[in-house]
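Chains as they are written, first to last, in our numbering: chain B, 28 to 333; chain E, 361 to 1006. Every residue gets a Cβ at the ideal spot worked out from N, C-alpha and C, and that includes glycine. If you're wondering where the values come from, they're calculated on a predicted model, not measured in any experiment.
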Amino acid sequence: MTTREARTTMEDPKVTTGDTQGGAAPLTQVAVTSGGPDRLLRAEEIAGPHPLQARDLNAYFGSHHVVEGVNLVFPENTVTALIGPSGCGKSTFLRCLNRMHELIPGARATGDVELHGQDIYGKDADPVAVRRAVGMVFQRPNPFPTKSIADNILAGPKFTRLKMGKGGRADLIEHTLRGAGLWDEVKNRLDAPAGGLSGGQQQRLCIARALAVEPDVLLMDEPCSALDPQSTLRIEDLIRELSERLAIVIVTHNMQQAARVSEYTAFFTIEEEGQPGRLIETGPTREIFGNPQNPRTEAYVTGRFG
Amino acid sequence: MADRAYAVIAGLAAFLAVLFVAYLLWVTVANTGETWSTFGIWGFVSGTTWNPSEAVYGALPFIYGTLMTSVIALLIAVPASIGIALATVVFLPRRLRGPVGGFINLLAAVPSVIFGLWGVTVLVPLLRPVLDWLSETLGWVSIFGWQPFEGPVTAGSYLISGLVLAIMVLPIITAITREVLLTVPRDQSEAAFALGATRWEMVRHSMLPWARSGIVGASALGLGRAVGETIAIVMLLGNTPGIFTPLVGPGSTLASVIALQTGEASGLQLSSLTALAVVLFVIAFIINAAARLLVRRSEAGGSGGIVRRAGSWMVRRGRPAPTADAPPEPPPIAPDDVGAGGPQPVPRTPSLISGPGAISRSRVVRSRVAEGFIWFSVLLGLVPLVAVLVEMLIQGLPALSVAFFTELPPTDPTSYGGGIVNALVGTLILMGIAFLVAAPLGVLTALYMRDVGKSGSWNSRAGSAVGFIVDILLGVPSIVVGLIVYLGIVIVQGHFSALAGGIALGVIMFPIVVRAADEVLRLVPSGQQEAALALGAPKWRTTWSVVLPIAGPGILTGILLGLARASGETAPLLFTSLGNQFLSTNITEPIAAIPQLIYNNTIITQTPASLQLAWGAALVLVAIIMFLNLGAAILGRRSRRLEGRA
């Protein structure tokens, strides 16, 4: 009941225009019922332009079905948080969005994911180009430890063979490190090995490294879970800043973090052990936390389960 | 009281092993005295002449020969091994990775003497035109006066020796490189993939930098193996000491000259040969020590060890559960551009993910070339193996018959038929002696190192000293073992004997058994022992009825691997068990052995008939070794399950 009351005190009329009586929530795609075209359309309306969109995405490890029938749209210049209990498939889903999932032995995905209207699982799509266009930051900071800070930034552009002069490289290094809020801390030791940085610095370096190839979308898989609280706050600030420039999808275990950084939230869960994870509810973050339509979402965000 | 006895018995075994090593060391030192005092250490090492008829002995031509053959081998084997290891870790389809890796490992099971036989009968004639062509077209090339391709081309040559040596060290370098590559954490390869790297770019920028020191270590271990290699070199390099002689011509190495001259040497010459063995041992020891250090450091955390340390402060945060009275903050930005017409974000050119523009042409070419090299390496590894196995079946199978296992070799080397019963029985007897020497002593020594001493006690410190000696023994080239056993047992007793040969093989086998047993004992869960001790069982009972049953299969694996290694050795038998044309079961008499029969039939009596007998013998020898390896693999799999539990 508390959440109902909370809802009345919240004002966000624009996004709550759907019918509230239909069992399934208005702005919510309930994946179990496999969102039809109209639901997707509605999602698009809310989202405005969106670089990335998943349609009926399923993920498997061998014969084990881990993510089932997810439809989800990621709007431009916003942060979308994926939340849910451990093992609900949210990280796996995230890794399907840039074809990292299939790198794990026996892993595969079906369905389609559109990047600016191009199916990344299409026949002609090159996973290498997909991963360049959809960047990723991992749970544990993973800079190339023996390479210098500067060379970590240049690693991606080196792959894509961008023609750059010496000045161009220096500009790119400064630009991306500033973008990641790391410039002032490392500008005097760009040639030092990246392995010598602190964990928080390493993670910001990884974000800078991902930005250096100018991705269209940035995926973040629990980027703060290995960091101390202070580093976490810095990264969260950074995420908000970056969201003015590109779409960000972040998996997080920390609901306060989801509330702090994201505009949209998608809640995943599993019925029971061995069942595939499903998308239960999605909507503006404030709605999901303040007025969840699905009882399971409510149970999760109020801490009664998961 | 019984515990005391157990500690004493195990300690005695370790002490006996150490004592024996000390004896051999003393024999060596005593024997080289004459050389050192005649030429001086530096004078001997830098001496460029080796001339028994004038009693002048210098080691430099042999040091040069050893290094030159080894360097040629590594130049071929290192890139090929890295290529094969990468194929089996990254590039091959998953289901082929294991089989290809295992197949390459088979190369390691083929004894040196068989590569020598194959080199002499197949490779030398096959590559002769290539060498002739090299010498005709590049014979004029001169590097500071050294003309590496100047004729005449000879049957034995540096190039062929180096090539065969490369094939022989390839499996060990590949296996260790593979291990090191497998320790590269997945997040490192994912970091590269997530930036849009191709597989080759991932390998080049993420895996290889991480594994670099481990790969250097693996190459060094290969070098350690190459410098000690004896019998294949004796068969393929000829016997002409020289410095900066042509690569298409013959040479001589430390190991090969020891093998060829020790039998007839005495006095200053024998002393100088022993000094050569010391030089060889020192070279091998330095290389092995450096290699082990590099591999160990690399496997302990890769070049990225710094990161692990930096990560020690990391705080793993639990998920704080928000409650109803702490409502989440409202989202920072409410999307208000519902429907069409809202302010559009900064226009961005969408990235291409397909078609020719998605990846630049030069990247595709580069990655293709790199992958092409990797497939070429796999071929380079597989072709010789298949060639040797096919040749062995084609040449060896016709020789096999019942008589092959029951008759002696024909006395006339040109007549076909006959058998190898003397060598077969001899090999079995030698293996039996080696087993009796190495297995009990090895297991007891391992128990002493791992089980007897409490940490910090005198016994435990002595245990680690024994471990150090075992590690040194592991790197002693087998020809050096042969020579020292010759000095310490054959000369002392005054005659060659099966016993001396068996002991030489036992010395080679001993460190393998100790290391294997030590590894498994380490894995026995301490909880199991504590459970038994808590029931009031004395230490020796716990070891006997709890530890050994668990560790048993693993220890047996080590013993079988040691036997497999010992059964293929030729070099240490040359001047210990000597060989015997007749069937002998007397262990105080010289005895025949299969590897030695192959060697003699290939080099000394090289007739079509003797070669056919040699190929038949090779087939039987490989069958024995495969059988032992198979047993080891089956038992090994069982004890790996133990590792899973530990």
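Residue i: buried (16+ other C-beta within 10 angstroms of its C-beta) or exposed?
i	result
E/Phe504	exposed
E/Arg997	exposed
B/Lys214	exposed
E/Pro691	The predicted position of E/Pro691 is uncertain, since its pLDDT is 37 and thus under 50; a value taken from the coordinates is nonetheless stated next. Buried: at least 16 other Cβ atoms inside 10 Å.
E/Ser579	buried
B/His91	exposed
E/Leu995	buried
E/Tyr383	exposed
B/Thr105	buried
B/Gly195	exposed
E/Gln548	buried
Rounding to the nearest angstrom, what Cα-Cα distance links residue i and residue j in this structure?
i	j	result
E/Ser430	E/Ile734	23 Å
E/Ser944	E/Leu768	11 Å
B/Gln80	B/Glu249	21 Å
E/Trp396	B/Asp218	52 Å
B/Asn179	B/Ala221	7 Å
E/Met567	E/Val524	29 Å
B/Leu67	B/His77	Since pLDDT at B/Leu67 reaches only 38, below the 50 mark, its modelled position is unreliable, and the value read off the structure follows with that caveat. Going by the C-alpha atoms only, they are around 12 Å apart.
E/Ser631	E/Pro412	12 Å
E/Ala897	E/Leu988	36 Å
E/Val328	E/Thr448	This structure gives no information on residue 328 of chain E, because the portion of chain E shown stretches from 361 to 1006.
B/Leu199	E/Ser817	60 Å
E/Leu740	E/Ile527	9 Å
E/Ala651	E/Leu581	5 Å
E/Pro569	B/Leu181	16 Å
B/Trp210	B/Ala177	11 Å
E/Ser970	E/Gly779	11 Å
E/Pro885	E/Arg538	28 Å
E/Val378	E/Val826	7 Å
E/Leu833	E/Ile868	8 Å
For the beta strand (DSSP E) that residue i lies in, which residues bound it at each end?
i	result
B/His341	Nothing can be reported for residue 341 of chain B, as the shown portion of chain B is limited to 28 through 333.
B/Glu141	134-142
E/Val750	Element bounds for E/Val750: not the beta strand (DSSP E) but the alpha helix (DSSP H), 721-756.
E/Asn391	Per DSSP, E/Asn391 belongs to no beta strand (DSSP E); it is in the alpha helix (DSSP H), 362-399.
B/Glu308	305-311
B/Gln80	79-88
E/Thr514	First-last for E/Thr514: undefined, no H or E at that position.
B/Phe186	Unbroken run through B/Phe186 is the alpha helix (DSSP H), 176-187; no beta strand (DSSP E).
B/Leu109	106-110
B/Phe294	291-296
B/Ala274	274-278
Could you give the C-beta distance for residue i and residue j, rounded to a whole number, given that I count them as a contact under 8 Å?
i	j	result
E/Gly556	B/Val155	6 Å
B/Tyr291	B/Thr107	4 Å
E/Thr590	E/Ala931	4 Å
E/Leu990	E/Leu760	So it is not a contact: roughly 20 Å between Cβ atoms.
B/Leu124	B/Leu109	Between B/Leu109 and B/Leu124 the Cβ distance is about 10 Å, and since that is not below 8 Å, they are no contact.
B/Phe88	B/Ala134	5 Å
E/Gly584	E/Ala535	Their Cβ separation, rounded to whole angstroms, is 14 Å, which puts E/Gly584 and E/Ala535 out of contact at 8 Å.
B/Glu95	B/Gly304	7 Å
Would you mind reading off the limits of the alpha helix (DSSP H) that contains residue i?
i	result
E/Ala926	908-927
E/Leu596	591-597
E/Leu491	484-498
E/Gly425	420-446
E/Phe475	472-478
E/Met562	559-562
Using a threshold of 7 Å, is the CB atom of residue i nearer than that to any non-hydrogen atom of the ligand NAD?
i	result
B/Pro250	Absence of the ligand NAD is noted for the structure shown, with no ligands found whatsoever.
Original post:
Are the segment 457-468 of chain E and the segment 738-749 of chain E in contact at 8 Å, needing three or more beta carbon pairs?
Top reply: yes
**OP:** Would you check if the segment 886-898 of chain E and the segment 854-865 of chain E touch, i.e. whether three or more CB-CB distances between them fall below 8 Å?
**Re:** no
**OP:** Spell out a yes or no on whether the segment 163-170 of chain B and the segment 236-251 of chain B are touching, meaning 3 or more CB-CB pairs, one atom from each, closer than 8 Å.
**Re:** yes
Subject >> Given 8 Å, three or more beta-carbon pairs between the segment 776-794 of chain E and the segment 926-935 of chain E >> reply: yes
Original post:
Do the segment 894-908 of chain E and the segment 439-453 of chain E make contact, defined as three or more Cβ pairs closer than 8 Å?
Top reply: no
Original post:
If we count Cβ pairs, one from each stretch, closer than 8 Å, do we get three or more for the segment 315-333 of chain B versus the segment 135-142 of chain B?
Top reply: no
Original post:
Is the segment 594-605 of chain E touching the segment 193-208 of chain B, taking contact as three or more C-beta pairs under 8 Å?
Top reply: no
Original post:
Looking at C-beta atoms only, is the number of pairs between the segment 622-641 of chain E and the segment 532-551 of chain E that lie closer than 8 Å three or more?
Top reply: no
Original post:
Should the segment 932-942 of chain E be regarded as contacting the segment 388-406 of chain E, the criterion being three or more beta carbon pairs within less than 8 Å?
Top reply: no
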